[in-house]
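Residue numbers (numbering that gives the first Met the number 0), protein chains in the order written: chain A, 0 to 171; chain B, 0 to 455; chain C, 0 to 483. Note that beta-carbon positions come from the ideal geometry of N, C-alpha and C, so glycine has one too. Contents: one structure, followed by commentary.
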Amino acid sequence: MAIIEEPLALPAGANPGVSKPLGVFSRPRNATGLKNWLTTVDHKKIGIMYGAAAMFFLVIGGVAALLIRLQLAVPNNELLSGDAYNRAYTMHGTIMIFLVVMPIGAAFANYLLPLQIGARDVAFLASMPSASGCSWLADFAQHVVVPWWRSRRWLVQLCAKQRRDLLAEPRH
Amino acid sequence: MTTDHNNPTWHSSMRSTILTPMTSFRKRVRPLVGLAVFGLAVSACADDKPLNTFEPRGPGAQQELDLMWPIVWGIMGLVFLIVVVGGIGLAIKNRVKEEDFDPDDLPEQVHGWFAGEITWTILPAIILAVVGVYSIATILDLETKNESSELDVLVIGRQWWWEYRYDVDGDGFFVDADGDGQIWGVDGEGADGPGGVSGDEDDLEWPLEYILDPDDVSTAGELVIPTGNQVDLYITSGDVIHSFWIPRLNGKRDAVPGRFTTWSVEADAAGKYTGWCTEFCGLSHARMRMSVIALDPADYTTWFENQTRPAAVPAEGTPEFAGRETFKNLCMSCHVIKDGELEYNPTESGDPWATTIPLASKGAPSLTHFASRTSFAGAIYGQYRDIDPNDDALDVSTYLNLASEYRWNEAELRRWIKNAPSRKDANYENQQGMLPFPQLGEEELDNLVASLATLD
Amino acid sequence: MTFSPSHGIDFWNVGLLIAGIGSVTGATNLITTVLNMRTPGMTLFRMPIFVWMTLVTQFLLLFAVPVLTVAQILLMLDRNFGANFFNVSQGADPLLWQHLFWVFGHPEVYLMILPAFGIVSEIIPTFSRKPIFGYSFMVFSGIAIGFLGFGVWAHHMFVSGLGPLSVSAFSFATMFIAVPTGVKILNWLGTIWGGKLTLNTAMLFALGLVTQFTVGGLSGVSHAVAPSDTQQTDTYYIVAHFHYVLFGGAFFGFVGGLYFWWPKIFGYKLGEKLGKWNFWMMVVGFNTTFGPMHILGLQGMPRRMQTYDDAMGFNTWNLVATIGAFILGIGTAGARQCLFSYRKRKVDGRPDTALDLGTLAQSRRSSHRRLGYQLRHLPVVTDLDEFWQHQKYAEDETTSSVALVTGAELLSLATAKASTCRHRPTGPSSRVQHSDHWLRHHLQPLVDDPRRRLARSVGVRLGPRASRRPRYPHHDHTESLTHV
Chain A
0 MAIIEEPLAL
10 PAGANPGVSK
20 PLGVFSRPRN
30 ATGLKNWLTT
40 VDHKKIGIMY
50 GAAAMFFLVI
60 GGVAALLIRL
70 QLAVPNNELL
80 SGDAYNRAYT
90 MHGTIMIFLV
100 VMPIGAAFAN
110 YLLPLQIGAR
120 DVAFLASMPS
130 ASGCSWLADF
140 AQHVVVPWWR
150 SRRWLVQLCA
160 KQRRDLLAEP
170 RH
Chain B
0 MTTDHNNPTW
10 HSSMRSTILT
20 PMTSFRKRVR
30 PLVGLAVFGL
40 AVSACADDKP
50 LNTFEPRGPG
60 AQQELDLMWP
70 IVWGIMGLVF
80 LIVVVGGIGL
90 AIKNRVKEED
100 FDPDDLPEQV
110 HGWFAGEITW
120 TILPAIILAV
130 VGVYSIATIL
140 DLETKNESSE
150 LDVLVIGRQW
160 WWEYRYDVDG
170 DGFFVDADGD
180 GQIWGVDGEG
190 ADGPGGVSGD
200 EDDLEWPLEY
210 ILDPDDVSTA
220 GELVIPTGNQ
230 VDLYITSGDV
240 IHSFWIPRLN
250 GKRDAVPGRF
260 TTWSVEADAA
270 GKYTGWCTEF
280 CGLSHARMRM
290 SVIALDPADY
300 TTWFENQTRP
310 AAVPAEGTPE
320 FAGRETFKNL
330 CMSCHVIKDG
340 ELEYNPTESG
350 DPWATTIPLA
360 SKGAPSLTHF
370 ASRTSFAGAI
380 YGQYRDIDPN
390 DDALDVSTYL
400 NLASEYRWNE
410 AELRRWIKNA
420 PSRKDANYEN
430 QQGMLPFPQL
440 GEEELDNLVA
450 SLATLD
Chain C
0 MTFSPSHGID
10 FWNVGLLIAG
20 IGSVTGATNL
30 ITTVLNMRTP
40 GMTLFRMPIF
50 VWMTLVTQFL
60 LLFAVPVLTV
70 AQILLMLDRN
80 FGANFFNVSQ
90 GADPLLWQHL
100 FWVFGHPEVY
110 LMILPAFGIV
120 SEIIPTFSRK
130 PIFGYSFMVF
140 SGIAIGFLGF
150 GVWAHHMFVS
160 GLGPLSVSAF
170 SFATMFIAVP
180 TGVKILNWLG
190 TIWGGKLTLN
200 TAMLFALGLV
210 TQFTVGGLSG
220 VSHAVAPSDT
230 QQTDTYYIVA
240 HFHYVLFGGA
250 FFGFVGGLYF
260 WWPKIFGYKL
270 GEKLGKWNFW
280 MMVVGFNTTF
290 GPMHILGLQG
300 MPRRMQTYDD
310 AMGFNTWNLV
320 ATIGAFILGI
330 GTAGARQCLF
340 SYRKRKVDGR
350 PDTALDLGTL
360 AQSRRSSHRR
370 LGYQLRHLPV
380 VTDLDEFWQH
390 QKYAEDETTS
400 SVALVTGAEL
410 LSLATAKAST
420 CRHRPTGPSS
430 RVQHSDHWLR
440 HHLQPLVDDP
450 RRRLARSVGV
460 RLGPRASRRP
470 RYPHHDHTES
480 LTHV
């Protein structure tokens, strides 16, 4: 159930002050700070967060793309191993589609769409608290999980290799 | 184009070009830049490109190119000119510079043009429908099988090389794995009549190695076909999805495990035509290459008869014989050499398929006529030093006697056998790619490579 | 499981599942918003194109994402619970995954490009200073793309041996998706036609989308011709194609939207000079990177190749593409100026037409620093181009347009709006009070009756519709200024 605000037909010039909610819940108040950003139900803030996440992942996807191009600059290049190259382009593709282009679309949609049709906010503001917020957090969970897991494996392998090397040739 | 320097017209035109006062430097430079770019494009296209789809050497690739060029790409070029060049021109023409910006100067407020909208909805639809009809005709034509041909080839994609199997005795590519008297087959060999793949589907539930006919000829990397004959291919895979593609002969077709897709190749002239696997298939996908060697029909018959012959057994006491012993100890759990004497005893190997006696090949290339091919390791290295497996430059008239024409590539073979994963990425723990053999000594390697040279 | 035993895939799987849930809830939310929460008078066919395209996109999400979710769940059952949906050795069909993926994957392509189409359909009319050309055709072509997008997935699988009949059907269907796309492109050109263009960064990016997406669309038609596609698929030709569509198309549109709506969202403009550099570096870099890939693909270079050999003759164009990629990388980094120009936060002195058009969004003060909708009244909409018409012109009895407000007045209004639209610290501040004072002092005479006054001064008799003033008191854009 959305909060219904009384559409006030006031004469021009009159200042009605804070509008009166008719529903059970009062409209959430504006606040600042990290907690507010993370728990916000404001479509505009959710839109901005989508955009910021997309811009962040654009850098990662872009670096992966540049690695791919560096590897292919000359024939028989040894810069990336087969495995690293496969990871680079898989990461590039997944990140660019799911973590860059789609979130940017969601950013514009969330921010502008309610404004453009004259809605006060997106539909499920109170009844489904932060549905958009949920989807943003879900996206972000995936944003974090995928690269984290990949880099973790890589790091573990790297450490294991270092350890093997150290064990194999003990320093005198 | 040759230029006649004595031609007075040429001189005068040159002079006028050179001596005209430079009214606008940019106007003069622009065509030069365009020319340079065009020249670069042409020179880059004119290089030798063994995979170039613009130089078809077979009817399939020719048909595919004919469909595109000049009609489809012509129409597309026209649309490109109208929209892109027209759009940029329009933007430049209607541009209002910042200093000229007059907020009162509104253009005419047009909301649309209904007739125009209808036109540019229907016209492209008609054009596309025509293209569509032609394209469907070509699809049907390309899928038509060569009923008159005796020669079909079973193509199996494997991580990361291609296996080609030729039926020798006319009993089909498959054996009756479950012993119910029916076989799985291609092109009418199965129980369900002619055409395509059909037959005892129960057999297909067995691993591919169980149902392949061990008597057939098995080669790797190089598909040898006679010229002027459409060879139907039945393509499948032993592990993951691959794709078979010889760009100059025909388009690509996927190799799907558990399925048999049909496709064909035909070469107009004798020669070597290279190709790549084009469906991502794991770590060494980039090093899964192949080629088609098209021979004159007479040469082809000679080649095929040679392939049906068992491999020669070297005399006892020679280095080659010692190499064969090493092969017996180390390589036979995966590779096959059919010389009539080497028998693989799976019970000793701890092999999960220990009951499979007639192993055709176990995910590794058959080496029976190893030296009759020019490339190994998924057609990325050559066993002859003078033949580059990545290039299509090969005098195919020498193909039947490679050993006497070219130098044996001992160094590369030694490197490969000793430590294959360093030459081609592999997950050998997972049965993908070849194992390293660090335990091999120098002499053993020498003998092994020497014994491989006898396998012509 | 045999072929990639690591748990990376499992995590990828779970991540995509969660994202799928997020996408579907988000789609439900936005669809409900559009269908139920429009302001009075905002009928469906008065909605801006961007809203329409977003609506289509959300429906695509709603129907396509569950297919991916199903595929992901099957995969999860296979990998973690011993099911055999994709296990070929147990008799499963290996193409099942491909089918499921592309039933999702192709609508996915359109749900990336359609919002960008919507953004461009806002930018181009604004800076051509004309309404969008062929509004209803723009809307219906978007809907048609959405519908057709579900019927063409198998064109990703022309070479997997589907059989000639399915290949023919999907080839035909794929060709026809070019028709609504072409309608869109021609309508954008129709909007530019006869317009007076301001080539600022946002407009340049929009035009970049129109031209580069066309290249991608045309190579798309050549993929629809199935026999030729057997040569082109999985080569760099297709890499070039989808980068022209998704980078030269969607991404250029989004960056254009960033420049276009940045003042609306954050209250200050991004630097135009850096913006032009950003654009031209991106155009040059993009075409140098992906243009040669068309040639590489037709010369036989497959995609997903870690390496290639000298003898294959791919050297020249690969080197060119790599150089282009670095130009493109530097160019794209130019869009990051939002990070540092954030510190400047000054409203550009010259009011921009971005602030005086068009859609309702621009006529409203809103900021993420303030919760919810900032106008006290819901606006009432009477026309498609309400917020363009209302400020700029009205139609007299002979339906020819008449300017109602002079440009100079509009400029000063826009300046005033710019200074109040920007976000500012919550609570009263001296600057707000100052601007409020300034507005009252300077704009009050204008607020009186600009339409009547202007119509009188140019000697035009206004039609009943335009002269009925105030039609809606809250429509007077200065109302929001007086009630700061």
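DSSP beta-bridge partners of residue 289 of chain B:
B/274
For the ligand NAP, any of its heavy atoms closer than 6 Å to the Cβ of residue 58 of chain C? This structure does not include the ligand NAP; it has no bound ligands of any sort.
Q. If you pair each beta-carbon of the stretch 284–302 of chain C with each one of the stretch 226–235 of chain C, do three or more pairs fall below 8 Å?
A. yes
Nearest candidate by alpha-carbon position, reference residue 133 of chain C, set B/113, B/125, B/142
B/113
query: Straight-line CA distance for residue 275 of chain C to residue 199 of chain C?
result: 8 Å
Residue 317 of chain C versus residue 82 of chain A - alpha carbon distance = 21 Å
### Closer than 7 Å at the beta carbon, the chain C residues around residue 61 of chain A
328, 331
Item to check | Inter-residue spacing [alpha-carbon to alpha-carbon] between residue 440 of chain C and residue 121 of chain C | outcome: Below a pLDDT of 50, predicted positions are generally treated as unreliable, and residue 440 of chain C, at 38, falls in that range; the measurement from the model is reported next regardless. Computed Cα separation, rounded: 34 Å.
For residue 424 of chain B, decide whether its Cβ has a neighbour in chain A, counting only Cβ atoms nearer than 7 Å.
yes
Check each residue of the stretch 87–104 of chain A: if its Cβ is closer than 8 Å to any Cβ of chain B, include it; give the result in chain order. none
Self-check item: Short CB-CB distance (under 7 Å) between residue 301 of chain C and chain B
Solution: yes
| Taking the continuous alpha helix (DSSP H) assigned at residue 403 of chain B, which residues delimit it? | 401–404
Apart from the five residues on each side of it in sequence, which residues of its chain come closer than 6 Å, Cβ to Cβ, to residue 229 of chain C?
158
**Request:** Would you mind reading off the limits of the alpha helix (DSSP H) that contains residue 413 of chain B?
**Result:** 409–417
message: Assuming contact is defined by CB atoms lying nearer than 7 Å, are residue 333 of chain C and residue 277 of chain C in contact in what I supplied?
response: yes
For a cutoff of 7 Å on Cβ pairs, would you count residue 435 of chain B as touching chain C? no
In angstroms, rounded to a whole number, what distance separates the CA positions of residue 216 of chain B and residue 303 of chain B?
9 Å
Assuming contact is defined by CB atoms lying nearer than 7 Å, are residue 291 of chain C and residue 310 of chain C in contact in what I supplied?
no
Could you pull the DSSP bridge partners for residue 234 of chain B from this structure? B/154, B/260
### Task
Can you tell me which of the three DSSP states residue 438 of chain B falls into?
coil
| From which residue to which residue does the alpha helix (DSSP H) around residue 121 of chain B run? | 113–142
| task | Could you name the residues of the same chain whose beta carbon sits closer than 7 Å to that of residue 183 of chain C, not counting the 5 residues immediately before and after it, in chain order? | result | 116, 137, 140
6 Å Cβ shell around residue 67 of chain A - same chain, five flanking residues per side excluded: 87, 88
Quiz item: Does the beta carbon of residue 49 of chain A sit closer than 7 Å to a beta carbon anywhere in chain C?
Solution: no
field: Straight-line gap, residue 442 of chain B to residue 362 of chain B (C-alpha atoms, nearest Å)
entry: 28 Å
Where residue 178 of chain B falls, given that 16 or more other Cβ within 10 Å makes a residue buried: exposed
inquiry  = Would you say residue 283 of chain B lies against chain A (beta-carbon separation less than 7 Å)?
reply    = yes
* Who are residue 163 of chain B's beta bridge partners in DSSP? -> B/154, B/218
- Item | Reduced DSSP secondary structure (H/G/I, E/B, other) of residue 471 of chain B | For residue 471 of chain B there is no data in the structure shown, the boundaries of chain B being 0 and 455.
In the DSSP assignment, find the unbroken alpha helix (DSSP H) run with residue 276 of chain C in it and report its ends.
271–297
### Query
When Cβ atoms are compared, which residues of the stretch 235–252 of chain B fall closer than 8 Å to chain C?
238, 239, 240, 242, 244, 246, 249, 250, 251, 252
Could you tell me which of C/224, C/244, C/204 sits nearest to residue 65 of chain B, measuring between CA atoms?
C/224
Environment of residue 122 of chain B [buried if 16+ CB atoms lie within 10 Å]: exposed
**Request:** Output, in sequence order along the chain, the residues in the stretch 312–323 of chain C whose CB is closer than 9 Å to any CB in chain A.
**Result:** 313, 314, 317, 318, 320, 321, 322, 323
Determine the direct distance from the alpha carbon of residue 187 of chain C to that of residue 421 of chain C, and round the result to whole angstroms. At residue 421 of chain C the pLDDT is 33, less than 50, meaning the model places this residue with poor confidence; the figure from the coordinates comes in the next sentence. So the two alpha carbons sit approximately 30 Å from each other.
Checklist entry - Whose Cβ in chain A lies nearer than 8 Å to the Cβ of residue 138 of chain C? => result Chain A residues near residue 138 of chain C: none, gap ~14 Å exceeds 8 Å.
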